[in-house]
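Peer 1:
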Amino acid sequence: MLQRRSAVLSVATVIVVLVLVGCDAESNPTTTTATTPPVATTSLPSETTPTTADVGPRPVVSGLLVEPGDYVTTVFEATTVMYRVHRSHLLRVFQSSRVTGFENVTNDASASDYRGVAVHGFWFRLSPEEVLAELEKIDQIELGDTTFVEVGGLPGRRIEVDVVRRVSLWGTLSPSGSDLIRDWPVQVGPLEIIILTTPAGTLFITIAAPAEEWDEFLPLAEEILAGISFPDFE
Numbered sequence: 004m005l006q007r008r009s010a011v012l013s014v015a016t017v018i019v020v021l022v023l024v025g026c027d028a029e030s031n032p033t034t035t036t037a038t039t040p041p042v043a044t045t046s047l048p049s050e051t052t053p054t055t056a057d058v059g060p061r062p063v064v065s066g067l068l069v070e071p072g073d074y075v076t077t078v079f080e081a082t083t084v085m086y087r088v089h090r091s092h093l094l095r096v097f098q099s100s101r102v103t104g105f106e107n108v109t110n111d112a113s114a115s116d117y118r119g120v121a122v123h124g125f126w127f128r129l130s131p132e133e134v135l136a137e138l139e140k141i142d143q144i145e146l147g148d149t150t151f152v153e154v155g156g157l158p159g160r161r162i163e164v165d166v167v168r169r170v171s172l173w174g175t176l177s178p179s180g181s182d183l184i185r186d187w188p189v190q191v192g193p194l195e196i197i198i199l200t201t202p203a204g205t206l207f208i209t210i211a212a213p214a215e216e217w218d219e220f221l222p223l224a225e226e227i228l229a230g231i232s233f234p235d236f237e
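Note that the numbering used here gives residue 120 to position 117 of the sequence shown, counting from 1, and the numbers run on in steps of one.
(1) Rounded to the nearest angstrom, what separates residue 108 and residue 235 at their Cα positions?
(2) For the beta strand (DSSP E) that residue 134 lies in, which residues bound it at each end?
(3) Within its chain, find whatever has a CB closer than 6 Å to the CB of residue 199; leave out the 5 residues flanking it on each side and keep chain order.
(4) I'd like to know whether the C-beta atoms of residue 173 and residue 121 end up nearer to each other than 9 Å.
(5) Three or more beta-carbon pairs under 8 Å between the region 123 to 135 and the region 89 to 98, yes or no?
(6) Just to confirm, are residue 88 and residue 69 a CB contact at a threshold of 9 Å?
(7) In whole angstroms, what is the alpha-carbon distance linking residue 208 and residue 224?
(8) Please report the residue range of the beta strand (DSSP E) in which residue 165 lies.
(9) Would DSSP call residue 219 helix, strand or coil?
(10) Going by C-alpha to C-alpha distance, which of 149, 202, 72 and 169 sits closest to residue 195?
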C-alpha cells in the first residue's frame, strides 16, 4: 500500500513539473525568438566611408591649395601628369594646355617673388637637343652645369641657369600673330631647368624662386619632383 502511494505521488510530481514548464514557456515569449538568426549587418561594407582606392586621383583644379593625395591633369598636353602630395604646403596647383605645376602666385609680368615648380609642354614636338638650342638663343639667361636625372622614371638633363635679366622663356601669339596671349616670364636670379624625354615628346620643367629664398625652397621643389609621374606611360 505504501509503495502504491509513492508511485502515485511520483506521477503527480512529474505532471506538476510538466505543467510548470509549459506555463514558463508561455509567460516568457522571448525564448521563442531565439531560434531566429539575426541579420549580419556588421559584415557588410559601409557605404558612407569610402576607401582611398575608391576615391583615386583627383583632377587638378587651378588655384587650389591641395591636401595630401594624388592629383592628375585633365587639359595639359601632350600627356597626363600626376602629382603625389605627401603634405600640405602654401603653393597653389594649376594647369593649362601648355603648363602645369605648383606656384605661390600667378605667373605674370608683375610677379617679382615667384616660386614654383612647373611642367611645360610648349616644345614637346622638339627633340631635347632642339629645346636646348632654343634656350641657348635667349641672351637674358646663362646656362651652367648639367647633370642627368630621372623624373617619373623618365630620363632628363638638369641644367643650372642664371637669369641675368627678366625674360619669357616662351610665348604664345594670338591667331593674328600680333598679340602675346600666353608666356612664361622668369625673374632675375637662380633657375633650374629639366629637359625630359618622354614617349609623347620633350617636356621641360622649371624650378624658380627668389635668390634669397632659393635654399629654403629647393627641398620643397625636390619633394614635388619626387611626386611627379606620367600615368599615360605606365
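Where a beta carbon is used, it is the ideal one built from N, C-alpha and C, also for glycine.
Peer 2: According to the structure data:
(1) Stepping through the sequence shown from its first residue, residue 108 is reached at position 105. Stepping through the sequence shown from its first residue, residue 235 is reached at position 232. Roughly 29 Å between the two C-alpha positions.
(2) Taking the first residue of the sequence shown as position 1, residue 134 is located at position 131. Note, residue 134: premise wrong, no beta strand (DSSP E); alpha helix (DSSP H) at 131 to 139.
(3) For this step, residue 199 is matched to residue 196 along the sequence shown. Within the same chain, residue 199 has close Cβ partners 154, 157, 159 and 206.
(4) Numbered from 1 along the sequence shown, position 170 holds the residue referred to as residue 173. Numbered from 1 along the sequence shown, position 118 holds the residue referred to as residue 121. Contact: no.
(5) no
(6) In the sequence shown, the residue the question calls residue 88 occupies position 85. In the sequence shown, the residue the question calls residue 69 occupies position 66. It is a contact, given that the beta carbons lie within the stated cut-off.
(7) In the sequence shown, counting from the first residue as 1, residue 208 sits at position 205. In the sequence shown, counting from the first residue as 1, residue 224 sits at position 221. Cα-Cα distance, rounded: 11 Å.
(8) The count along the sequence shown starts at 1 and reaches residue 165 at position 162. It spans 157 to 166 - the beta strand (DSSP E) in which residue 165 sits, taken as one unbroken run.
(9) Along the sequence shown, one-based indexing puts residue 219 at 216. If DSSP states are grouped into helix, strand and coil, residue 219 belongs with the helices.
(10) Numbered from 1 along the sequence shown, position 192 holds the residue referred to as residue 195. Nearest of 149, 202, 72 and 169 to residue 195, Cα basis: 149.
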